[in-house]
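A short write-up of the structure that comes next.
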Amino acid sequence: MSDAPKRPSLWARIRNNVFFRVALRPSTRYSLAFLTLGGFIAGVAFWGAFNTALEVANTEQFCITCHEMKDNVYQELQGTIHWTNRSGVRATCPDCHVPHQWTLKIARKMAASREVWGHLFGIIGTREKFLDTRPELAAHEWARMSANHSQECRNCHSPQSMNFAKQSERAANIHKEQLLTGEKSCIDCHKGIAHRLPVNKADEVPAFDD
Amino acid sequence: MQADPSPPSKLQELMVFLTLSVFIWPFLAMAFVGTYGFAFWIYFLTAGPPGPG
C-alpha cells in the first residue's frame with residue numbers, strides 16, 4: 011500500500027491537462043491581433059444574443075406561452091381599456107410587470123425561475139388553483155407597485171401631464187389632492203384595472219352567482 | 143514549473159481558442175449575470191421590494 015506511486019494533486023492534474031496547458035500559456039501560432047479580434051467578435055455576438063433573448067422573454071407572446079397566463083389573466087386583459095382604447099396604445103404584460111432598470115429587470119427574470127418551477131409542478135395549473143392563489147399573487151404585485159410608486163404605470167402615464175380640465179371632477183379632485191402631493195400612487199387606488207380582482211372565498215355570496 | 147513537454151500544435155491552439163470564446167466565457171458571463179440577478183432577488187425577498195427611482 012504505502013509504496014504505491016503517489017497520485018499527483020488535483021491542481022497538478024488540472025495544470026497538466028492538455029486543455030489547460032494550451033489555454034494558460036501564450037499562443038505560439040496566433041498573433042495578439044488575431045486573438046483580440048476573435049475575442050471582440052465573440053463578445054459582440056454574445057451581447058447581441060443576450061439582448062435578443064432578453065427582449066424575446068419580454069414580450070406578451072412569451073408570457074402567454076404558459077397556459078396559466080393565457081387562460082386566465084390574458085383573457086381578462088382583453089376586456090379592459092389597456093387592450094383597446096381610442097388612442098390605440100396597447101399595454102402588454104411586460105409594460106406593467108417588468109421593470110426597465112437593468113438590475114431590477116435581471117432580478118425579475120431570475121425570480122421567474124420560481125414561476126418555471128410552479129409551471130412544472132402545476133401550482134396554478136387549473137382555474138380553481140389559480141383563483142385560490144390569486145389573492146397572494148395580486149398582493150405581491152400591489153406591494154411591488156406601491157413600493158416603487160407605480161413606476162410601471164408612470165412609464166406611460168405622467169401625473170404632471172394630466173389635463174385636469176379634461177378629467178371628471180371626481181378624478182381631478184382626488185388626483186390633485188392625493189396623487190400630485192405624492193401621498194399615493196396609481197396602484198393605491200386603481201387596483202384591478204387589467205385583470206379581475208381576487209375574490210376572497212369568505213366574501214363570496216353564492217346567491218349572486220349567475 | 144516543469145519543462146514544457148512540447149509546444150502545442152496550431153490545431154490544438156485553435157480548438158482551445160474556440161472552446162474558450164464560444165463556450166467557456168459566454169457560460170461564465172451568463173453564470174455571473176444570473177448570480178447577480180439572483181442575489182438581488184433574494185435581497186428584495188428579505189428587504190422588501192425596491193422603492194421608486
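Chains as they are written, first to last, in the working numbering: chain D, 11 to 220; chain A, 143 to 195. All C-beta atoms, glycine included, are put in the ideal place defined by N, C-alpha and C. All values derive from a computational prediction rather than experimental measurement.
- In summary, the residues of the region 33-46 of chain D whose CB is separated from some CB of chain A by less than 8 Å are A33, R35, S37, T38, R39, Y40, L45, in the order they occur in the chain.
- Its chain contains F174 as the residues whose beta carbon lies nearer than 8 Å to that of D:K186, once the 5 sequence neighbours on both sides are disregarded; these appear in chain order.
- Going by DSSP, D:W127 is part of the alpha helix (DSSP H) stretching over 112-130.
- Proximity to D:N210 across D:F131, D:F140, D:P145, D:T38 peaks at D:P145, based on C-alpha coordinates.
- Each residue's CA atom was taken as its position, placing D:G98 and D:Y84 some 18 Å apart.
- Beta-carbon to beta-carbon, A:E155 and D:S37 are separated by about 6 Å, close enough to satisfy the 8 Å threshold.
- The region 101-111 of chain D makes no contact with the region 166-179 of chain A: fewer than 3 CB pairs, one atom from each, lie closer than 8 Å.
- In the displayed model, D:H167 falls within coil according to three-state DSSP, outside both helix and strand.
- Of all residues in the region 150-167 of chain D, only H150, A153, R154, M155, S156, A157, N158, H159, S160, Q161, R164 place a beta-carbon less than 9 Å from a beta-carbon of chain A.
- Within chain D, no C-beta atom comes less than 8 Å from the C-beta of A:A189; the nearest is roughly 10 Å away.
- For D:V108, the three-state secondary structure derived from DSSP is coil.
- Distance from the Cα of D:G49 is smallest, within the candidate group A:P149, A:S148, A:F159, A:G195, for A:F159.
- Straight across, the Cα-Cα distance linking D:A59 with D:P109 is about 21 Å.
- The C-beta distance from A:G179 to D:A117 rounds to 5 Å, short enough to meet the 8 Å contact threshold.
- The beta carbon of D:K119 falls within 8 Å of a beta carbon belonging to chain A, placing the residue at that interface.
- Listed along the chain, the chain A residues whose CB falls inside 8 Å of the CB of D:L114 are F182, P192.
- Among the CB atoms of chain D, none fall inside 8 Å of the CB of A:A173.
- Cα atoms of D:K201 and A:G176: separation of roughly 32 Å, rounded to the nearest angstrom.
- Shown here, A:L153 sits in a helix according to DSSP, grouped into three states.
- Closest by C-alpha distance to D:E86, out of D:N183, D:R137, D:I24, is D:R137.
- In this structure, DSSP gives D:P145 a helical state, which the three-state scheme calls helix.
- For the pair D:V54 and D:L207, the Cα-to-Cα distance works out to about 45 Å.
- Collapsing the DSSP output to three states places D:Q88 in coil.
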